[in-house]
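Everything on this sheet refers to the single structure shown next.
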Amino acid sequence: MNDFMLDEQGRALQDKAREFVKNDVDSEYLRRMDRDEIRFPRQLYEGYAKHHLLGLRFPIAYGGQATSWVNECASMGEVGALGMAAGCAYVMPSIVGEALNAFGSEEQKQRYLKPMLAGKLVSAEALTEPRGGSDFFGASSRAEDKGDHFVVRGMKRFIVGAEGADYFLAYVRTNLADDAPAQQRISAMIIDRGPGVEVKYLYGLMGTRGGGTGRVVFRDVKVPKANLIGPLHGGAMVFHTMMIPERLCSAAPCTGMMQACIDVAMSYADRRKAFGAPIRKFQAVSFMIAKAQMLLDASQAMIYQAARAADCGAPNVRRIVSETKKFVTEAAWDVANLAMQITGGIGYTDVYPIERAVRDTRLAQIWTGTNEVMSAMIQHDLYQEFRASRGRYRDFEGDAMHADDSEKIFDDDDMWKVYDLQK
Ligand SMILES: Cc1cc2nc3c(=O)[nH]c(=O)nc-3n(C[C@H](O)[C@H](O)[C@H](O)COP(=O)(O)OP(=O)(O)OC[C@H]3O[C@@H](n4cnc5c(N)ncnc54)[C@H](O)[C@@H]3O)c2cc1C
Numbered sequence: 131m132n133d134f135m136l137d138e139q140g141r142a143l144q145d146k147a148r149e150f151v152k153n154d155v156d157s158e159y160l161r162r163m164d165r166d167e168i169r170f171p172r173q174l175y176e177g178y179a180k181h182h183l184l185g186l187r188f189p190i191a192y193g194g195q196a197t198s199w200v201n202e203c204a205s206m207g208e209v210g211a212l213g214m215a216a217g218c219a220y221v222m223p224s225i226v227g228e229a230l231n232a233f234g235s236e237e238q239k240q241r242y243l244k245p246m247l248a249g250k251l252v253s254a255e256a257l258t259e260p261r262g263g264s265d266f267f268g269a270s271s272r273a274e275d276k277g278d279h280f281v282v283r284g285m286k287r288f289i290v291g292a293e294g295a296d297y298f299l300a301y302v303r304t305n306l307a308d309d310a311p312a313q314q315r316i317s318a319m320i321i322d323r324g325p326g327v328e329v330k331y332l333y334g335l336m337g338t339r340g341g342g343t344g345r346v347v348f349r350d351v352k353v354p355k356a357n358l359i360g361p362l363h364g365g366a367m368v369f370h371t372m373m374i375p376e377r378l379c380s381a382a383p384c385t386g387m388m389q390a391c392i393d394v395a396m397s398y399a400d401r402r403k404a405f406g407a408p409i410r411k412f413q414a415v416s417f418m419i420a421k422a423q424m425l426l427d428a429s430q431a432m433i434y435q436a437a438r439a440a441d442c443g444a445p446n447v448r449r450i451v452s453e454t455k456k457f458v459t460e461a462a463w464d465v466a467n468l469a470m471q472i473t474g475g476i477g478y479t480d481v482y483p484i485e486r487a488v489r490d491t492r493l494a495q496i497w498t499g500t501n502e503v504m505s506a507m508i509q510h511d512l513y514q515e516f517r518a519s520r521g522r523y524r525d526f527e528g529d530a531m532h533a534d535d536s537e538k539i540f541d542d543d544d545m546w547k548v549y550d551l552q553k
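Taking the working numbering, I'd label the letters of the sequence shown as residues 131 to 553.
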């Protein structure tokens with residue numbers, strides 16, 4: 131337990147989340163979610179709210195605890211042990227709440243943020259379209275301007291809470307001009323479940339079941355202009371801000387799942403005997419345990435680093451958060467698989483929950499921006515930082531034994547220039 135990373139408030143919140151997860155959630159409820167018998171975990175969601183565990187970093191006036199990202203991530207880590215769908219229901223108010231808190235009017239905060247944190251309203255985030263999730267700016271769902279309202283038409287896919295949510299934070303195209311620049315095409319808006327919002331719960335998911343993931347069709351939905359979040363055509367700005375909570379909220383719950391897998395695997399390795407000895411005595415097994423714990427600790431450290439970067443508005447927060455999402459989600463997958471290996475054949479059955487952890491954690495590398503998209507952003511931002519920081523550090527290249535610039539040729543032009551030859 132790396133509790134020493136938290137302040138007093140963080141430790142108290144983490145304890146509260148841990149107690150809730152330990153005592154207030156029935157295993158059968160989680161099994162029913164995994165069997166798709168519960169389509170959206172409303173009761174669980176209301177439980178989070180009852181214990182004042184939702185949207186912890188938002189102002190007290192709206193039902194939050196005015197705490198830091200670091201402290202909120204610690205609580206997310208606890209709830210993550212309940213599985214990916216239960217964790218997603220927990221973090222969704224933190225994701226959608228960010229847009230409302232950062233860009234919403236007072237009226238929008240009272241109408242949507244406050245009841246959401248009180249567990250009275252459930253939100254969902256609707257970005258992905260059937261034509262593609264990674265190419266966000268290519269969204270083709272559209273809103274026609276009708277004076278005091280929009281008429282929204284389009285389709286979103288894989289929306290957690292499609293079944294269950296009372297309102298959707300949707301990104302739709304509002305600037306319909308053919309030559310509209312990508313960054314000025316889209317708006318973010320709240321779309322209430324109501325006439326014209328058609329939802330179908332149809333995906334046979336490998337894991338992360340019971341979160342209400344479905345298809346949402348907007349069929350000429352009337353949306354008041356007052357539901358715009360941020361400026362008209364300013365969805366890109368909202369989206370850029372949202373990348374931080376999206377990715378932190380994907381990473382942080384994974385640590386709960388890793389901890390749970392390690393607990394099960396260690397207990398198994400301690401009791402299971404082969405060749406007359408507990409299997410943990412075999413290096414092949416105990417080294418897997420060591421590796422799993424190392425991945426958990428590294429993940430936790432990255433999460434706290436990223437959370438701290440978000441708390442202090444560090445200029446490179448987007449790179450750090452993207453790295454964290456990628457590293458932690460891959461580590462969670464590795465840890466779940468290590469736990470399965472340690473538990474052998476029985477780990478592959480549903481006698482242990484490891485198989486569910488494997489099914490659940492696989493998704494984390496895909497949603498909220500695939501890990502390839504994370505890599506694309508990491509290198510993009512890193513090159514910008516690299517260019518801006520040139521000359522700031524020691525010239526390490528100059529320390530080479532033969533720091534001979536005449537041999538440093540990078541393209542055809544250089545060759546002619548360096549040797550002063552006519553081409
Ligand atoms: C269970 C589940 C729940 C989800 N929940 C939500 C939700 O609540 N709200 C929501 O809006 N979305 C949600 N999603 C959608 C998810 O975020 C997308 O599936 C994801 O962003 C990838 O989009 P895609 O599936 O269209 O794949 P594509 O974008 O078609 O990508 C396919 C492959 O191409 C790669 N690729 C694409 N572009 C690039 C590039 N530029 N560089 C390198 N590689 C690239 C991807 O990495 C991937 O490997 C959910 C998905 C699932 C499965």
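Beta carbons are placed, not taken as given, at the ideal position from N, Cα and C, and that holds for glycine.
Small disclaimer: the values here were computed from a predicted structure and weren't measured.
Heavy atom of ligand 1 within 7 Å of residue i beta-carbon
i    : result
I496 : yes
I508 : no
V329 : no
L257 : yes
S264 : yes
L184 : no
L143 : no
L251 : no
V481 : no
E502 : yes
F288 : yes
L332 : no
L493 : yes
G499 : yes
A254 : yes
L136 : no
L299 : no
L335 : yes
T338 : yes
Assigned secondary structure, residue i (DSSP; H/G/I helix, E/B strand, else coil)
i    : result
G560 : In the structure as shown, the chain begins at 131 and stops at 553. Residue 560 is therefore absent and cannot be evaluated.
E293 : coil
L184 : coil
P408 : strand
D166 : coil
K403 : strand
V327 : strand
A390 : helix
A248 : coil
D461 : For clarity, residue 461 is Ala in the given sequence; the question names Asp instead. Here A461 sits in helix by DSSP.
A254 : strand
P311 : coil
Y159 : helix
P375 : helix
L332 : coil
I450 : helix
K538 : coil
L174 : helix
A366 : helix
P445 : coil
M569 : Outside the displayed range of the chain (131 to 553) lies residue 569, so it cannot be described from this structure.
T338 : coil
K553 : coil
Limits of the unbroken beta strand (DSSP E) element including residue i
i    : result
H279 : 279-289
Y297 : 297-303
F348 : 344-354
K152 : No beta strand (DSSP E) contains K152, which is instead part of the alpha helix (DSSP H) from 138-153.
Short CB-CB distance (under 8 Å) between residue i and chain C
i    : result
F266 : No chain C is present in this structure, which holds just one protein chain.
Residues bridged to residue i (per DSSP)
i    : result
E259 : G262
A318 : Y301, I359
A273 : V282
Extent of the continuous alpha helix (DSSP H) run through residue i
i    : result
S416 : 413-441
K547 : 542-548
Residue i: CB within 7 Å of a non-hydrogen atom of ligand 2
i    : result
T343 : Ligands displayed in this structure: ligand 1; ligand 2 is not among them.
Complete alpha helix (DSSP H) runs within the stretch 187-245 (minimum length 4 residues, chain order): 199-209, 214-233
In the stretch 464-528, which residue ranges form an unbroken alpha helix (DSSP H) of at least 4 residues, counting only runs that do not cross its ends? 484-494, 501-518
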